[in-house]
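**Student:** First the structure, which I've put down as structure tokens, then a few questions once you've had a look.
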Amino acid sequence: MNQEQPDFNGLHVAAFESRNAGEMARLIERHGGVPHVSPSMREAPLAENRAAIDFAHQLITGQISIVIFLTGVGFKHLVAAVERHIDRQRF
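Residue numbers for the sequence shown follow this note's numbering, beginning at 941 and rising by one.
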């Protein structure tokens, strides 16, 4: 089975990647592209996050059954935002 390899054929490719920027650039180069890699966002905690505190209350009172956290950084910021208002062990 001879499948054609994907090839950017010298195109300039923008990739919005933070943590794996080097790996993404190498992947683009390996497929014939010119990488331009830049982070698309920056995690920054809010000083007072009422929505996070309300979410934590809903979670510990059983109003929310399941939570899926997609990043460790986001989870750490959530814990930092609510731990002054809600017992950390209970959360």
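Virtual Cβ for every residue (Gly too), placed ideally from N, Cα, C.
#1: Where L1010 and L1018 are concerned, what is the direct C-alpha to C-alpha distance, given to the nearest angstrom?
#2: Rounded to whole angstroms, what is the Cα-Cα separation between A996 and A954?
#3: Suppose only complete runs of 4+ residues qualify. What are the alpha helix (DSSP H) ranges in the stretch 953-1000, listed by chain order?
#4: Can you say whether P985 is buried or exposed, counting buried as having 16 or more other CB atoms within 10 angstroms of its CB?
#5: Please look up how many angstroms separate the CB atoms of P979 and I968, rounded, as I've assumed it's under 8 Å.
**Tutor:** On the basis of the coordinates in this document:
#1: 12 Å
#2: 37 Å
#3: 961-970 and 990-1000
#4: exposed
#5: 16 Å between Cβ atoms; not a contact.
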